[in-house]
Amino acid sequence: MKQLRVTNIQRGCVYDGPGVRTTVFLKGCYLRCPWCCNPETISFEKELFIDNSKCLLSKGVHSELCKLCQRNKGSNSITACPFGVAEETSRDYLPDELFHILLRDQSLYIESNGGITFSGGEPLFQSENLVSVLELLKEKGLHIALETSLIAPDQSLLLVNPFIDTYIVDLKIQPEMYLSDSNYQNEIKKHLMMIGGKSIFFRFVFVDSVMDYINEVKDWLSVMEINIIEILVCHNLGAKKYGKLSLANRDFTSSKEKAESFIDFLKDFGIASKILSI
1 MKQLRVTNIQ RGCVYDGPGV RTTVFLKGCY LRCPWCCNPE TISFEKELFI
51 DNSKCLLSKG VHSELCKLCQ RNKGSNSITA CPFGVAEETS RDYLPDELFH
101 ILLRDQSLYI ESNGGITFSG GEPLFQSENL VSVLELLKEK GLHIALETSL
151 IAPDQSLLLV NPFIDTYIVD LKIQPEMYLS DSNYQNEIKK HLMMIGGKSI
201 FFRFVFVDSV MDYINEVKDW LSVMEINIIE ILVCHNLGAK KYGKLSLANR
251 DFTSSKEKAE SFIDFLKDFG IASKILSI
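Take a look at the structure:
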């Protein structure tokens with residue numbers, strides 16, 4: 001049976017859809033957003049977080065405990081390090097296994113009108129394997145949300161759509177992404193039509209460069225008839241993760257003040273927005 005590759009299962013979430021939710025972060029994404037705060041979710045391949053600050057050899061300490069380590073030309077994998085130098089970024093779950101984990105807070109979902117949210121990465125990247133879990137959750141009558149960029153093959157969206165109650169759409173209209181790309185706008189339009197009458201929330205990661213293209217962003221939202229949007233102010237809290245993956249990290253940290261100016265600007269054109277304090 002096919003498995004789902006998961007980087008994290010986070011309980012008690014209140015920003016990922018209605019009520020109290022469990023959010024499942026799936027590995028694999030079609031995009032490479034330079035400000036991504038979860039770089040371990042981008043590649044679908046198995047990866048390791050390497051924390052060299054825990055490595056005795058890197059500090060010049062030669063211990064019997066490290067004698068067989070692969071870094072010392074030994075036969076033991078670095079994942080066996082007793083000091084936790086290496087940590088797998090993901091785990092593979094069978095659909096039934098993940099389903100039972102997600103049922104732990106079933107009573108809380110019911111009490112709060114919450115449910116399960118699948119995020120990423122891009123959850124549509126694993127749509128074929130995701131369907132099996134969605135079917136099980138729907139048999140229990142649970143609310144399911146999908147946090148997605150909608151940048152995925154049509155078939156991936158068609159597979160999961162019957163099981164999704166709410167979509168949280170992460171728009172990629174920053175200047176560094178697809179603001180001036182008409183193909184992107186057409187793709188989003190098409191996929192929103194495919195979704196049909198489902199509940200949809202729109203989100204947007206604010207970076208300072210948006211202020212240089214503020215009219216273009218406003219026009220994009222107006223053309224798409226989006227009149228309410230949630231704002232995530234870009235931060236650099238994922239910097240350590242980039243280091244542990246040996247990836248270059250660019251700091252796109254933005255100020256809340258500029259984001260508030262952006263919100264005030266949109267308000268003048270009838271577009272309501274708010275900052276999510278995540």
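Anchor point for the sequence shown: position 104 equals 104 in full-length UniProt numbering, and the numbering is continuous, going up by one each time.
Cβ atoms here follow ideal geometry from the backbone N, Cα and C, with glycine treated the same way.
A quick note: this is a predicted structure, and the numbers were derived from the prediction, not measured.
Buried or exposed: which applies to residue i, given that a residue is buried once 16 or more other Cβ atoms fall within 10 Å of its Cβ?
i      : result
Arg32  : exposed
Phe269 : exposed
Arg11  : exposed
Gln155 : exposed
Gly196 : exposed
Ser182 : exposed
Asp105 : buried
Locate the beta strand (DSSP E) running through residue i, then write down its first and last residues.
i      : result
Ala272 : 272-275
Gly12  : 4-13
Phe118 : 115-119
Within 8 Å (strictly less), CB to CB, does residue i reach chain E?
i      : result
Phe125 : Absent from the structure is chain E; it holds one protein chain and no more.
Roughly how many angstroms lie between the CA atoms of residue i and residue j, to the nearest whole one?
i           : j      : result
Asp96       : Leu136 : 8 Å
Leu98       : Ser277 : 28 Å
Thr14       : Ile144 : Reading the sequence as shown, one finds Val at residue 14 and not Thr. Straight-line Cα distance between these residues: approximately 14 Å.
residue 279 : Ser75  : Outside the shown range of the chain, which is 1 to 278, sits residue 279, and nothing can be said about it.
Thr89       : His235 : 21 Å
Ser63       : Ile110 : 53 Å
Glu40       : Ser246 : 11 Å
Val6        : Lys46  : 10 Å
residue 302 : Asp170 : Because the chain is modelled from 1 through 278, residue 302 falls outside the range shown and cannot be assessed.
Thr148      : Lys59  : 42 Å
Leu48       : Gly84  : 11 Å
Val223      : Arg91  : 41 Å
Ile151      : Cys29  : 9 Å
Glu257      : Gly120 : 28 Å
Thr23       : Cys37  : 16 Å
Asp208      : Phe262 : 10 Å
Phe201      : Gly17  : 8 Å
Leu94       : Leu266 : 45 Å
Ser264      : Val210 : One detail in the question is off: residue 264 reads as Asp in this sequence, not Ser. Roughly 14 Å between the two C-alpha positions.
Gly243      : Cys55  : 15 Å
Ala86       : Ser53  : 11 Å
Let's see if you can read the secondary structure: which residues bound the alpha helix (DSSP H) around residue i?
i      : result
Val217 : 214-223
Ala239 : 239-244
Glu97  : 95-102
Val20  : Looking at the DSSP string, Val20 is not in any alpha helix (DSSP H), and its letter there is neither H nor E.
Val160 : 154-160
Ile110 : 106-112
His143 : That residue, His143, is in no alpha helix (DSSP H); its beta strand (DSSP E) goes 143-148.
Asp170 : Taken as a continuous stretch (DSSP letters only), Asp170 belongs to no alpha helix (DSSP H), being part of the beta strand (DSSP E) at 166-171.
Glu135 : 127-139
Beta carbon of residue i, beta carbon of residue j: below 8 Å?
i      : j      : result
Phe118 : Leu130 : yes
Ser199 : Thr253 : no
Glu216 : Leu179 : yes
Pro123 : Leu26  : yes
Ile229 : Arg203 : yes
Would you call the segment 138-156 and the segment 112-128 in contact, with 3 or more CB pairs under 8 Å? Yes, the segment 138-156 touches the segment 112-128.
Would you be able to state if there are at least three C-beta pairs under 8 Å between the segment 225-244 and the segment 176-190? Flag = no, the segment 176-190 and the segment 225-244 do not touch.
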